[in-house]
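Numbering (our numbering), first residue to last: 585 to 943.
All residues carry an ideal CB built from backbone N, CA and C; glycine is no exception.
In this text, all values refer to a predicted model and were calculated from it rather than measured experimentally.
Presented below is the structure to which this report refers.
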């Protein structure tokens, strides 16, 4: 099963909106076939492994990181492919949280006499697909926010200058997070200040990537008509509270109107719900202190990815979050203890909100 999870990881940049799944077929203690789901619309992991195993699949044990599907989607059901191949046992790391499956794949196998098991390395399998699991169970995606800060907790100079706080290695690491995301979201303030492209550039340019969509939150339609991110391949979307206007004619952006919150700005809970409705599994926010402060107050971020650079920017520089002043220690906002890793000269700190889980 550990090998099946390694294989599933190979699809981390390409399977969206499907889950990352790996499969290993074993017979008489020997691996006779391996496969993984490579991209949405293509064969699933079990089918690729069965093709590799050929006739050796008959009477074999199949280890798969997610329950075999039991319904016709873009491809036929994997449960039927396993039955036709004559396997004797199927072990899944976890049940498929998709309501169209949810245990029926394993039940179909048991009904014709194939031995089944489920739950081996379940936690690792869940962690590989947090967005897919969350979206299937709740309709909402897994939400991350990426931040960069100095040692004194500042994210930009008072003028707004922020290039570059972190080193080249940290910036390359950000592109790996972008590549695994379904969509990158930013705010109108960042767009007006930087006109970002929000591209994906990996160390190996030949690495296959399903390009994430790009979304701008712009409650009052302040974006200019011509933006660099709208000229890049893939979906580029503007979410606003206002009815469509001339912006849509020149920008190349999809314009979507969503409800406003009490402050007149986009209702962030509605934004997250809409992202889930678009089959976006993993959402990455790259935004400034206003939007990040609003996300923090609304408790909508599951994971904060913070790069801390060994530099000092001083008291006049801008902080990470725009929040009302907290006067009491009891009012502080707490996150989980961080998972820490050195990335070049910088530290990457990954925090989760308490009880964040794709379950």
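> Any idea if residue 824 is buried or exposed, counting beta-carbon neighbours within 10 angstroms, 16 or more meaning buried?
Replying inline: In the chain shown, the residue the question calls residue 824 occupies position 240. Buried, by the Cβ-count rule.
> Can you tell me the Cα-Cα spacing of residue 932 and residue 693, whole angstroms?
Replying inline: Here residue 932 refers to the residue found at position 348 when the chain shown is read from its first residue. Here residue 693 refers to the residue found at position 109 when the chain shown is read from its first residue. Roughly 44 Å separates the two Cα atoms.
> Between the Cα of residue 617 and the Cα atoms of 697, 633, 611 and 628, which residue gives the shortest distance?
Replying inline: As a position in the chain shown, residue 617 is number 33, starting the count at 1. Nearest of 697, 633, 611 and 628 to residue 617, Cα basis: 633.
>> Once DSSP output is grouped into helix, strand and coil, what is the label at residue 844?
In response: To locate residue 844, count along the chain shown from 1; it is residue 260. Reduced to three states, the DSSP call for residue 844 is strand.
> What is the DSSP secondary structure of residue 585, counted as helix, strand or coil?
Replying inline: Locating residue 585 in the chain shown gives position 1, counting from the first residue. In the structure shown, the three-state DSSP call for residue 585 is coil.
> Where do the ends of the beta strand (DSSP E) carrying residue 729 lie?
Replying inline: Mapped onto the chain shown, residue 729 falls at position 145. Looking at the DSSP string, the run of the beta strand (DSSP E) that includes residue 729 is 726–733.
> Excluding five sequence neighbours on each side, which residues of the same chain lie with their C-beta closer than 7 Å to the C-beta of residue 685?
Replying inline: By one-based count along the chain shown, residue 685 stands at place 101. Within its own chain, the residues whose Cβ lies closer than 7 Å to the Cβ of residue 685, once the five positions on either side in sequence are excluded, are 651, 653, 654 and 655, listed in chain order.
> Considering only residues of the same chain and omitting the five flanking positions on each side of residue 776, which have a CB-CB separation below 6 Å?
Replying inline: Against the chain shown, residue 776 aligns to sequence position 192. Around residue 776: no qualifying Cβ.
> Can you pull the DSSP bridge partners for residue 896?
Replying inline: Along the chain shown, one-based indexing puts residue 896 at 312. BP columns for residue 896 are empty, so no partner.
> Considering only residues of the same chain and omitting the five flanking positions on each side of residue 773, which have a CB-CB separation below 8 Å?
Replying inline: Counted from its first residue, the chain shown places residue 773 at position 189. Excluding residues within five positions, the ones whose Cβ falls inside 8 Å are 871, 872, 874 and 875.
>> I'd like to know whether the C-beta atoms of residue 801 and residue 848 end up nearer to each other than 8 Å.
In response: Reading the chain shown from its first residue, position 217 is the one you call residue 801. Reading the chain shown from its first residue, position 264 is the one you call residue 848. Taking 8 Å as the Cβ cut-off, residue 801 and residue 848 do not qualify as a contacting pair.
> So, residue 647 versus residue 702, is the Cβ gap smaller than 8 Å?
Replying inline: Position 63 of the chain shown, counted from the first residue, corresponds to residue 647. Position 118 of the chain shown, counted from the first residue, corresponds to residue 702. No.
> In this structure, what does DSSP give as the bridge partners for residue 607?
Replying inline: For the purposes of this step, residue 607 is taken as the residue at position 23 of the chain shown. According to DSSP, residue 607 bridges with 619 and 648.
> Given that a residue counts as buried once 16 or more other Cβ atoms are within 10 Å of its Cβ, and exposed if not, what is residue 843?
Replying inline: Within the chain shown, numbered from 1, the residue matching residue 843 stands at position 259. Of the residues assessed, residue 843 falls on the exposed side of the cut-off, its CB having fewer than 16 other CB atoms within 10 angstroms.
> How many angstroms separate the CA atom of residue 669 from the CA atom of residue 698?
Replying inline: Locating residue 669 in the chain shown gives position 85, counting from the first residue. Locating residue 698 in the chain shown gives position 114, counting from the first residue. In a straight line, the C-alpha of residue 669 is about 11 Å away from that of residue 698.
> Just how far apart, CA to CA, sit residue 882 and residue 645?
Replying inline: To locate residue 882, count along the chain shown from 1; it is residue 298. To locate residue 645, count along the chain shown from 1; it is residue 61. If I take the Cα positions, the gap works out to 47 Å.
>> Counting C-beta neighbours from all protein chains within 10 Å, is the total for residue 790 16 or more, i.e. buried, or is it exposed?
In response: Indexing the chain shown from 1 puts residue 790 at position 206. Per the 10 Å Cβ criterion, exposed.
> Buried or exposed: where does residue 619 fall if 16 or more other Cβ atoms within 10 Å of its Cβ makes it buried?
Replying inline: If you number the chain shown from 1, residue 619 lands on position 35. With 16 or more neighbouring CB atoms inside 10 Å of its own CB, residue 619 falls in the buried class.
> Leaving out five residues before and five after residue 731 in sequence, what residues of the same chain have Cβ atoms less than 6 Å from its Cβ?
Replying inline: Locating residue 731 in the chain shown gives position 147, where the first residue counts as 1. Excluding its 5 nearest sequence neighbours in each direction, residue 731 has C-beta neighbours in its own chain below 6 Å: 890 and 904, listed in chain order.
> Count the other CB atoms within 10 Å of the CB of residue 908; is the residue buried (16 or more) or exposed (fewer)?
Replying inline: Numbered from its first residue, the chain shown carries residue 908 at position 324. That one is exposed.
>> Quick check for students: name the residue ranges of the beta strand (DSSP E) that lie wholly in the segment 737–821, counting only runs of 3 or more.
In response: Within the segment 737–821, the complete beta strand (DSSP E) runs of at least 3 residues are 738–740, 767–771 and 797–801.
>> Looking at residue 604: is its Cβ nearer than 8 Å to the Cβ of residue 621?
In response: The residue labelled residue 604 in the question sits at position 20 within the chain shown. The residue labelled residue 621 in the question sits at position 37 within the chain shown. Residue 604 places its beta carbon less than 8 Å from that of residue 621.
> Is residue 685 helix, strand or coil by DSSP?
Replying inline: Position 101 of the chain shown, counted from the start, is the residue given in the question as residue 685. Residue 685 falls in the coil class under three-state DSSP.
> Can you give the beta carbon distance from residue 897 to residue 738, rounded, assuming they're within the 8 Å contact cut?
Replying inline: Translated into the one-based positions of the chain shown, residue 897 becomes position 313. Translated into the one-based positions of the chain shown, residue 738 becomes position 154. Contact holds; Cβ gap of about 4 Å.
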